[in-house]
Amino acid sequence: MTAAVWADEADRFDHPALRGDVTADAVIIGAGYSGLVAALEARSAGLSVTVLEAGQPGAGASGVNAGHFAPMIVPGTSPEKVRTMLGEARARRWLGMIAGSGRWLTDCIERHAIACDLTRGYLCLARSDRGVDRMRASFTAWTDHGGSFEMRDRAGIADHIRSPRYAGGAWLPEGGTLDPLALVRGLARVARAGGVSIFGNSRVLSATRDGEHWIVSTARGEVRARRMLVATGAAHLPFASLRGTSYRMAAAVVATEPLADRGAAMFPLRGGIVDLDDKAVFSPTIDARGRLVGSVLCGAGMPGLPHSAKPLSRRLGRTFPDIEQPAFTHLSWGEMTISPTGLPRILRFGDDAWAISGCNGFGLTHGIAAAREAAKLLTGQSPDTLALPIFPPKPLKGHRFVAFTLRSMVAPALNRFG
1 MTAAVWADEA DRFDHPALRG DVTADAVIIG AGYSGLVAAL EARSAGLSVT
51 VLEAGQPGAG ASGVNAGHFA PMIVPGTSPE KVRTMLGEAR ARRWLGMIAG
101 SGRWLTDCIE RHAIACDLTR GYLCLARSDR GVDRMRASFT AWTDHGGSFE
151 MRDRAGIADH IRSPRYAGGA WLPEGGTLDP LALVRGLARV ARAGGVSIFG
201 NSRVLSATRD GEHWIVSTAR GEVRARRMLV ATGAAHLPFA SLRGTSYRMA
251 AAVVATEPLA DRGAAMFPLR GGIVDLDDKA VFSPTIDARG RLVGSVLCGA
301 GMPGLPHSAK PLSRRLGRTF PDIEQPAFTH LSWGEMTISP TGLPRILRFG
351 DDAWAISGCN GFGLTHGIAA AREAAKLLTG QSPDTLALPI FPPKPLKGHR
401 FVAFTLRSMV APALNRFG
């Protein structure tokens, strides 16, 4: 059996299952990044908050994330397009949140002393001078919203990556890498210490409206709350009206055993990198244990080793032709939700009931930012104050066909040709 990438049983804390009846101002379903950040924000506003998780915190996509965060990387969605979609007022708020999302995350980690192997700084790479120019123009558009970057020439990236393939890149000082499962568990500990009630192994079976309250039931208990937020991503959705409201795409994270040189021959400084000329995912890094870690899109069938790692291995071979490729021995995978616009969506599916959807594989930036906005709804703020609009839970046209196409055709093509 292949071992999971981020699992560390020594750092695990099992949150007990819900038993009996609980009353709270807000109930949040899902204990990943989005759910826990929303819980922290709502609790800091003075609300009593209960979080229900089907497994344990981080059991879903958040715990199998690649652990990269890079503000301003939003493929296919430029600040200009965001202004067109959201209007000037909302767009300015949202773009400011995304440009500052790395800073917000690292401040949160340091303020709460969360041990998650945080490494600051992120290098975006281009293979040609033309690609470097495109990158410069793309990131410059974010500077009006607080974005920060530094352009690097071929010599300037040499200490970060020992490969002749790249002409230059951009350094994002507010990006970085971390252990995503450790982050989730750390957020859960902070939330519990702050008074948030977290119940694990408490899959939601139903939710009914009783006057001005929601009655959310599990196998052995129920929560009575005025407001409700669903933050389960592509995982268990207990409400039929939420199904089909986003597309799904599967991705895996793979890792080697610790390398003898801790990856110095490839990445002397260990920081995260991403090849922005690759339309698939090529963002290998060396983690705190000295392992080579990377992510890949998943095609049809169950992800597994060694076949799931082949697209990554091919790219590593082209990037480091003189280095023997190590074997990948660990794999974790999950599903991400994808929205048609590239922006996260907040859905209102009942009175005082909302859901977060469509983080598009950017849970550490877009997902957390959307959660911070959704938390405002739990505190009673008007939807007009949010950076994101509120949508009804309308199923996307052809969502099953699109999901099939993404996994059976698009992912294999991107993995093969990039």
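Start counting the sequence shown at 1; every next residue gets the next number (full-length UniProt numbering).
In this text, a Cβ means the ideal position worked out from N, Cα and C, and glycines have one as well.
Residue i bridges to which residues according to DSSP?
i, result
"C359", "Bridge partners of C359: none, in fact."
"S197", "T50"
"C124", "A170 and V274"
"V204", "Answer by DSSP bridge pairing: none, since V204 is not bridged."
"G176", "F69 and R120"
"H330", "A3 and A255"
"H366", "The partner list for H366 (beta bridge, DSSP) is empty, contrary to what the question assumes."
"V22", "V223"
"Y247", "I338"
"V27", "T50 and M228"
"R209", "W214"
"V402", "Its beta-bridge partners do not exist; DSSP assigns none."
From the DSSP output, in three-state form, read off residue i for me.
i, result
"E373", "helix"
"I338", "strand"
"S283", "coil"
"P79", "helix"
"M151", "strand"
"R227", "strand"
"L343", "coil"
"F239", "coil"
"I390", "strand"
"W214", "strand"
"G35", "helix"
"W354", "strand"
"F349", "strand"
"V74", "coil"
"G87", "coil"
"G294", "strand"
"T379", "coil"
"H145", "helix"
"F320", "coil"
"S44", "helix"
"I98", "helix"
"I109", "helix"
Answer with buried or exposed for residue i, where buried requires no fewer than 16 other C-beta atoms within 10 angstroms of its C-beta.
i, result
"A31", "buried"
"I368", "buried"
"M72", "buried"
"R318", "exposed"
"I323", "exposed"
"residue 433", "As displayed, the chain neither begins before 1 nor continues past 418, which places residue 433 out of reach and without an answer."
"D8", "exposed"
"H307", "exposed"
"L95", "buried"
"P344", "buried"
"G233", "buried"
"A182", "buried"
"R102", "Looking at the sequence provided, one finds Gly at residue 102 rather than Arg. Result: buried."
"F199", "buried"
"S408", "exposed"
"R12", "exposed"
"E150", "exposed"
"L118", "buried"
"P75", "exposed"
"D179", "buried"
"A91", "buried"
"F417", "exposed"
"C320", "One detail in the question is off: residue 320 reads as Phe in this sequence, not Cys. Buried, since its Cβ has 16 or more Cβ neighbours within 10 Å."
"D287", "buried"
Can you find a C-beta in chain C that's less than 8 Å from the C-beta of residue i?
i, result
"T285", "The displayed structure is made up of one protein chain only, and chain C is not part of it."
Closer than 8 Å by C-beta to residue i: which residues in its own chain qualify, once you throw out the five before and the five after it? Chain order, please.
i, result
"V184", "A31, G32, Y33, L36, P57, G58, S62 and G63"
"P395", "R243, G244 and T245"
"R154", "Y166, A167 and G168"
"S283", "A66, H68, G272, I273, V274, D275, G294 and S295"
"G186", "I109, H112, I114, A115 and C116"
"H213", "R224, A225 and R226"
"S128", "A167 and D277"
"V204", "I29, L52, A54, V216, S217, T218, H236 and P238"
"C359", "S34, G233, M336, T337, P344, H366, G367 and A370"
Looking only at its chain, what residues have a beta carbon closer than 6 Å to the beta carbon of residue i, apart from the 5 residues adjacent to it on each side?
i, result
"T50", "V22, A24, V27, S197 and V223"
"N201", "A17"
"A45", "T379"
"A191", "L36, A39 and L40"
Using C-beta distances below 7 Å, list every residue in its chain close to residue i, excluding the 5 sequence neighbours before and after it, in chain order.
i, result
"S48", "A24 and D25"
"T385", "K376"
"E41", "R372 and A375"
"residue 464", "Only positions 1 to 418 of the chain appear in this structure, which leaves residue 464 out of reach."
"L105", "F69, L364 and I368"
"A231", "I28, I29, G30, G32, S34, G35, A38, I356 and A371"
"S313", "Q325"
"D14", "Q56 and G200"
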